[in-house]
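The structure appears below as structure tokens.
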Amino acid sequence: MPSEAQPKDKEAKHGDKEAKHGKEQKPAKAPPAKAPDRGERIIRFVETNVDGGKPVERAIQRVRGVGPMYAHAVVAIAGVGGRKLIDLSEEETKMLVDVIQHPEQHGIPSWMYNRRLDPTTGGTSHLTASALELTQKTDLNTMKRMRTYKGVRHGLGLPVRGQRTRSSFRKGKTVGVMKKKLAPAKAKEGA
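First residue of the sequence shown? That's 3 in my numbering, and the numbers climb one at a time after it.
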């Protein structure tokens, strides 16, 4: 195995040259501590992937059904303000989830809920994540089936809330006057 012996001899000769010239080998630097990778900070929270590196109040707004005002109320009641979501203990996270999903038990006023006076049950509740999506789809399908004005507009893909449609909501269709291409001017013969 002479091929393995050659590099060792070269390294030994190279080390001797450095020793002769007074150069010392510098110790290898330790790699700098890495900041946590973005993939490591993603937390599953109320059926949603949330960035744990953000402050709690901003992070929970990624959950469908939690807006800025509701998030502020939840954080104030849970008592976890000013901290990052990834820094919370398991008990604090469970408390946060409980306040989001059951606001009536924690004193959040009913005017902050997103499902007030439910047409089927008559109750008031706050829906989040998949429950909110499912309820919205059910409501739209009910309006379409009843043939209400809003249901018909939803079915046709037109604006529902009274907007004008002359110039908006065209979805790729352009309406207007086409200009004719101008013919190049002919040179005057007498000039």
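Ideal Cβ positions, reconstructed from N, Cα and C, are used throughout, including at glycine.
- [ ] Quick one: give me the first and last residue of the alpha helix (DSSP H) that Asn51 is part of.
- [x] Counting from one through the sequence shown, the residue named residue 51 turns up at place 49. Per DSSP, Asn51 belongs to no alpha helix (DSSP H); it is in the beta strand (DSSP E), Thr50 to Asp53.
Open item on the list: With H, G and I counted as helix, E and B as strand and the rest as coil, what does DSSP make of Ile110?
Closed with: Your numbering for residue 110 matches position 108 in the sequence shown. Three-state DSSP puts Ile110 in coil, outside helix and strand.
Open item on the list: Buried or exposed, going by whether 16 or more other CB atoms sit within 10 Å of the CB of Thr167?
Closed with: As a first step, residue 167 is located in the sequence shown; it is residue number 165 there, counting from the start. Thr167 comes out exposed.
Open item on the list: Within 10 Å of its beta-carbon, does Tyr151 have 16 or more other beta-carbons around it, so buried, or fewer, so exposed?
Closed with: As a position in the sequence shown, residue 151 is number 149, starting the count at 1. With fewer than 16 other Cβ atoms within 10 Å, it is exposed.
Task: Whole-angstrom C-beta distance between Ile79 and His104, which should lie under 8 Å - done: Position 102 of the sequence shown holds residue 104. Position 77 of the sequence shown holds residue 79. Not a contact, Cβ separation roughly 11 Å.
TODO: Determine, using beta-carbon pairs with one atom in the stretch 43 to 61 and one in the stretch 74 to 90, whether at least three such pairs fall under 8 Å.
DONE: yes
- [ ] Quick one: residues in its chain with C-beta nearer than 7 Å to the C-beta of Glu49, no 5 flanking neighbours on either side, listed in chain order?
- [x] Along the sequence shown, read from residue 1 onward, the residue named residue 49 stands at position 47. Closer than 7 Å at the Cβ level, and outside the excluded window around Glu49, lie Ala131 and Ser132.
Task: Identity of the residues DSSP links to Pro57 by a beta bridge - done: Position 55 of the sequence shown, counted from the first residue, corresponds to residue 57. DSSP lists Lys86 as partners of Pro57.
Task: chain C contact for Lys173 (CB, 8 Å cutoff) - done: Any reference to chain C falls outside this structure, which holds one protein chain only.
- [ ] Measure the Cβ-Cβ separation of Phe47 and Val65 and say whether it is below 8 Å.
- [x] Taking the sequence shown and counting its residues from 1, the one referred to as residue 47 is at position 45. Taking the sequence shown and counting its residues from 1, the one referred to as residue 65 is at position 63. Against a cut-off of 8 Å, the Cβ pair of Val65 and Phe47 comes out as a contact.
TODO: On a CA-only basis, which of Val52, Arg118, Asp141 and Arg147 is nearest Val99? Give me that one, please.
DONE: Residue 99 sits at position 97 when you count from the first residue of the sequence shown. Nearest option by C-alpha distance: Val52.
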